[in-house]
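If you use mature numbering (1 follows the signal peptide of the UniProt record, and there is no 0), the sequence shown corresponds to residues -25 to -1, 1 to 112, in order. In this text, a Cβ means the ideal position worked out from N, Cα and C, and glycines have one as well. Structure record follows, encoded as structure tokens.
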Amino acid sequence: MKQVITKIVSSVLAFLVLFSTFSFTVEKHYCGDYLVDVSYLGKADTCNSDGGVDECATVTKKKKCCKDEVHQIDGQDEFQKHSLDDVSFDELKIVLAFYNAYQFVFQDFEKQIESHQYYSPPDLVQDIQVLHEVFII
């Protein structure tokens, strides 16, 4: 069970590092107030990309109504590398405390000693509840 959790966590962290390095671009083309095309991989198509007349020119001739928006999301380029010389004594104490707490949390309960396993209670000579007239209602 412990190995399965370790494999799952390491796979998730590997994908996290992989996807943090990706960068991509989202390009949108608007004609007036209407969204005409969205492209994630290449260039977005314009209003007159089919070879015909520009539909925006029919709306208004004075203003250019078409506009392009480009949203670029950059990934991480460099990773931080640390050596053992950069670790301070306080950080080392925190790691040691975490390790000790981790060991105590995941102890097997079958290995613990049960001190009351072979205990036999003493024989009762008289019924103590009747003797003291204490009854549970």
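query, result
"When you compare each of His107, Asp52 and Val70 to Phe(-4) by their alpha carbons, which one comes out closest?", "Asp52"
"In angstroms, rounded to a whole number, what distance separates the CA positions of Ile111 and Gln101?", "18 Å"
"Mind checking which residues open and close the alpha helix (DSSP H) that includes Thr(-20)?", "Lys(-24) to Ser(-6)"
"Give every residue of the same chain whose Cβ lies closer than 7 Å to the Cβ of Val34, excluding the five residues on either side of it in the sequence, and list them in chain order.", "Summary for Val34: the model assigns pLDDT 49, below 50, so the residue's position carries little reliability; its value from the coordinates is reported in the next sentence. Once the five neighbours on either side are set aside, the close Cβ partners of Val34 are Gly7 and Cys40."
"Could you name each continuous beta strand (DSSP E) segment of 3 residues or more that falls completely within the segment 35 to 78, going from the start of the chain to the end?", "41 to 48"
"How many angstroms separate the CA atom of Ile88 from the CA atom of Tyr94?", "13 Å"
"Would you list the residues sitting across from Leu10 in a DSSP beta bridge?", "Tyr5"
"Please state whether the Cβ-Cβ distance between Thr(-1) and His46 is less than 8 Å.", "yes"
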